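The next block holds one structure in the form of structure tokens; read it before the comments.
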Amino acid sequence: MSWSGIFAAIVVLVLTAWAFRFAGRRTGRPYFRDMGFASALGWVLLVALVAYAVYAFFFVDQAVFFRWLIIGVVIAAVSAFAFRLLGRHVGTAGSRKAFRHMPLTASFGILTIVVYALVAIFAAWLAPYGQEAIVGNANILPGGNPATGGDPAFPLGTDQIGRDLMSRLIYGAQNTVGIAFATTCLAFLLGGTLGFLAATVGGWLDQVISRAVDVLMAIPSLIFALLLMTIALAWAGSSGGQLTLYMIVIIAVIDSTRVYRLARAVAGNIVVMDYIEAARLRGERMGYLIFREVLPNATAPLLAEFGLRFCFVFLTIASLSFLGVGIRPPLADWGTMVRDLSQFINFAGYSPLTAALPLMAAGAIALLTLAVNFLVDWMLHRSSGLKD
Amino acid sequence: MDSVARVVAQRLLLGILTLIVVSVVIFVAVNLLPGDFAQAFLGQGATEGAVNAIRRDLGLDQPLVLRYFHWLGNALTGDLGTSFAQANFSSFTGTAAENLPTVASQIAPRFANTMFLAAVTACIAVPLALTLGILAALYRNSLFDKTVNMVTLSSISSPEFFLAYILILFLAVLNPVLPSISNIYADMGLGQRLERTLLPALTLTLVVTAHMMRMTRAAIINLLASPYIEMARLKGLSPMRVVVRHALPNALAPIINVIALNLAYLITGVVVVEVVFVYPGIGQLFVDAVKNRDIPMVQACCLIFACAYILLNLLADVLSILSNPRLRHPK
């Protein structure tokens, strides 16, 4: 499209918006009568975009990725709607009530998380081949059509050394998500315990831990993780399993600083309550104070933080693997897959499905993070008592 | 004004203290390595003599505290040491090492490239985020607000490389508008350099704009609930004027803070994006050094990233004190 074309389109849009507002003022309806020019322009833009999207969806042959995107969004919306409908009629009274006021985004989030969890748990049954098994020729193209270099036995093709990509994508859920989940749990155990301890005991212990956390938080987390991974690489040598273990500990420690901050702040507000004072006067032990008095009252903010922290950990692990210092092959992992398959993106013009392979692995990461974010958004909205 | 100067001076001192402690952490962490570089470099069959010779060359035989001060002193004068990957050990080869590329000489041009990338990103992202944030606050709870909210949430949720590859797919492969690989040379015209930097800059823009825009929106909406805004609205001012003339000046403190924090985030987000686009910046140098276990290089890059991060956070702190009257006169 040329510059003059773009300019003409803008002029037409602006004129249409002006005409729309002018016509709207003639009607008596309050919304149209008081509509500003910006709103009118917004509506006109929306109509133009929708019209172009419909045109591209049905009539532009090259817009394959756009078509996939639209189909994906429609499928996601419909399944989220169906899931919410299901949730409203099945389950306990409490869960039914929660589903009744749920926005579509939140039900999409829950559905996605459930699907990921199921895939991760049952990966061994779902995947047609093992994750490390070399089962076919190398570099079979996806699509399953022998005429275009595919093979019906491998719907998504094989990688550089002949491992089935679909199986590796499925096992990726187990490895990437599982490792991120374990890391987040460890970070919470560490940061939560220290945070509660610091808030309950106070004094010099609080000072020492807090200052140490301040220092650790002064280094950007990805940079710090990379620095420590250098050391882990030296310690682990060529052992991939050991390296993964070190990575879990490193990221858990780095992220536990953020958990510590929140846990200490939340617990700090709780320990000044009268019932804690009463428990102290009763002579309860520290363990009782932390687990029976503080923890139950700090669940809601910590749960939301768990979701957000999981996203950060998940993205950090994926980034480390993408950079080549995270989860080691032969374990299937999405970050590493994106890096290994990234060159396929250059074939988008000839074989869109091949180009979509790296995007599938990266999209799998993005989708789960988005789902967790949607869910946390809704949980925070609900617990903050905002009802609008 | 006196108290402001004192508070700012306190923050600056605290910042310098943090920097020193961080440098200790970086140094100690790296020196936790089992064995040392000499053993790793020579392999298992090395004789005691050869290992000792290299240790002496690199100064690894001195105590840890002494080495730290030596390293810090050199770093402050701009000498970050010699990269292990480039090192040519005089005792090992028998010739004196001369004219070796030092860490500093390798980092300097790449640091400039990274700064260029960050600057281009900031130039696109800051105006875009502010405009979108103000518009979203103005038309909050409308379809526009919800769409922007959804899009920004998606771009925050995506790993940087996902956004990068999507941009490559649409802007470099399907519609070849921009180059997908940013090979940049020293003697390159500004126009060409901009063209090759644009795609990584756009990727970073997507990430950073989302954060900035959401925080701008939140800051302005927070203010819109205050009585003096109600007053301005009741006077009959247009919504745009209420936001731009009445709400925005008071929202400036949190917004400046947000911008500085996001620039700090940008410094670290640069690592992944540089690797995707093979952009010759400091992030890529860092990742390569990590993989090669090139200790002086890792230390130097880490120190630079940490410095930039701490300084920008400090800047955010100081600016928010200076631009907020309530913080300027603490009780």
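Top to bottom, those sequences are chains A and B.
Positions 1 to 388 (UniProt numbering) are the ones given, in order, by the first sequence.
Positions 1 to 331 (UniProt numbering) are the ones given, in order, by the second sequence.
Virtual Cβ for every residue (Gly too), placed ideally from N, Cα, C.
The structure displayed is predicted, hence computed values, not measured ones.
Label residue i either buried or exposed according to how many other C-beta atoms from any shown protein chain fall within 10 Å of its C-beta, with 16 as the threshold for buried.
i	result
residue 313 of chain B	buried
residue 317 of chain B	buried
residue 240 of chain B	exposed
residue 185 of chain B	exposed
residue 37 of chain A	exposed
residue 20 of chain A	buried
residue 73 of chain B	exposed
residue 166 of chain B	buried
residue 105 of chain B	exposed
residue 257 of chain A	buried
residue 335 of chain B	An answer regarding residue 335 of chain B cannot be provided, because it is not within the stretch 1 to 331 covered by chain B.
residue 202 of chain B	buried
residue 230 of chain B	exposed
residue 150 of chain A	buried
residue 297 of chain B	buried
residue 238 of chain B	exposed
residue 2 of chain A	exposed
residue 200 of chain A	buried
residue 246 of chain B	buried
Step through the CB atoms of chain D and report whether any lies within less than 7 Å of the CB of residue i.
i	result
residue 152 of chain B	Any reference to chain D falls outside this structure, whose protein chains are A and B.
Which bits of chain B does residue i rub up against, with CB to CB less than 7 Å?
i	result
residue 346 of chain A	173
residue 47 of chain A	Within chain B, no residue comes near residue 47 of chain A; the closest Cβ sits about 12 Å away, beyond 7 Å.
residue 172 of chain A	Ordered by position in chain B, no residue passes the 7 Å Cβ test against residue 172 of chain A, which lies about 13 Å from the chain.
residue 325 of chain A	290, 291
What does residue i reach in chain A if we use C-beta pairs closer than 7 Å?
i	result
residue 27 of chain B	The contacting residues do not exist; residue 27 of chain B stays about 11 Å from chain A at best.
residue 161 of chain B	322, 338, 362
residue 302 of chain B	223, 227
Residues of chain A with CB closer than 8 Å to the CB of residue i, please, in chain order.
i	result
residue 310 of chain B	218
residue 165 of chain B	338, 342, 345, 358, 359, 362
residue 144 of chain B	42
Enumerate in chain order the residues of its own chain whose CB-to-CB distance from residue i is below 7 Å, with the five nearest sequence positions on each side excluded.
i	result
residue 312 of chain A	255
residue 332 of chain A	131, 168, 171, 172, 175
residue 287 of chain B	271, 275
residue 225 of chain A	250, 251, 254, 316, 320
residue 291 of chain A	none
residue 129 of chain B	209, 212, 213, 216
residue 406 of chain A	This structure does not reach residue 406 of chain A, given that chain A is present from 1 up to 388, and the question cannot be answered.
residue 67 of chain A	57
Once you ignore the five residues that flank residue i on each side, which residues in its own chain have a CB closer than 6 Å to its CB?
i	result
residue 320 of chain A	326
residue 266 of chain A	298, 301
residue 133 of chain B	213, 216, 217
residue 92 of chain B	Annotation note: pLDDT 48 at residue 92 of chain B (below 50); position unreliable, coordinate value reported separately. Closer than 6 Å at Cβ, skipping near neighbours: no residue.
residue 135 of chain A	129, 164
residue 118 of chain B	266
residue 94 of chain B	Caution is warranted here: a pLDDT of 45 is assigned to residue 94 of chain B, below 50, making its placement in the model unreliable, and the coordinate value is therefore given only provisionally. Correct list: empty, nothing qualifies.
residue 274 of chain B	281, 283, 284
residue 186 of chain A	252
residue 87 of chain A	99
residue 357 of chain A	341, 344
For residue i, return the contacting residues in chain B, with the cut-off set at a CB-CB distance below 8 Å.
i	result
residue 311 of chain A	157
residue 355 of chain A	169, 173
residue 370 of chain A	153, 154, 157, 158
residue 365 of chain A	158, 159, 162
For residue i, return the contacting residues in chain B, with the cut-off set at a CB-CB distance below 9 Å.
i	result
residue 175 of chain A	Within chain B, no residue comes near residue 175 of chain A; the closest Cβ sits about 16 Å away, beyond 9 Å.
residue 349 of chain A	173, 174
residue 373 of chain A	153, 154, 156, 157
Only counting the same chain, and skipping five residues up and downstream in sequence, which positions put a Cβ closer than 8 Å to that of residue i?
i	result
residue 64 of chain A	352
residue 275 of chain A	293
Check the Cβ of residue i against every Cβ in chain A and list those closer than 9 Å, keeping chain order.
i	result
residue 18 of chain B	214, 215, 218
residue 258 of chain B	By Cβ distance, chain A contributes nothing, its closest Cβ being about 17 Å from residue 258 of chain B, past 9 Å.
Less than 6 Å separating the Cβ of residue i from some heavy atom of the ligand MN?
i	result
residue 378 of chain A	In terms of ligand content, the structure shown is empty, and the ligand MN therefore cannot be addressed.
Item to check | beta strand (DSSP E) segments (min. 3 residues) lying fully within the segment 188-263 of chain B | outcome: none
Checklist entry - Using Cβ-Cβ distances below 9 Å, what residues of the segment 285-319 of chain A are close to chain B? => result 311, 314, 315, 318, 319
Item to check | Residues, ordered as in the chain, of the segment 203-215 of chain B that lie near chain A by beta-carbon distance below 9 Å | outcome: none
Checklist entry - Closer than 9 Å, Cβ to any Cβ of chain A: which residues of the segment 260-275 of chain B, in chain order? => result 264, 265, 267, 268, 269, 271, 272, 275
Next on the checklist: If the cut-off is 7 Å on Cβ atoms, which residues from the segment 285-300 of chain B count as contacting chain A, listed in chain order?
Outcome noted: 286, 287, 290, 291, 293, 298
Checklist entry - Between the segment 230-244 of chain A and chain B, which residues of the former have CB atoms less than 8 Å from a CB of the latter, in chain order? => result 230, 231, 233, 234, 235
Item to check | Interfacial residues, the segment 114-146 of chain A to chain B, with Cβ spacing under 9 Å | outcome: none
Item to check | Positions along the segment 63-75 of chain A whose CB lies within less than 8 Å of some CB in chain B | outcome: 65
Item to check | 4-residue-minimum alpha helix (DSSP H) runs that sit fully inside the segment 324-355 of chain A, ordered along the chain | outcome: 334-341
Item to check | Members of the segment 212-245 of chain B near chain A, C-beta cut-off 9 Å | outcome: 238, 239, 240
Item to check | Length-filtered (4 minimum) alpha helix (DSSP H) runs lying within the segment 112-165 of chain B | outcome: 143-157
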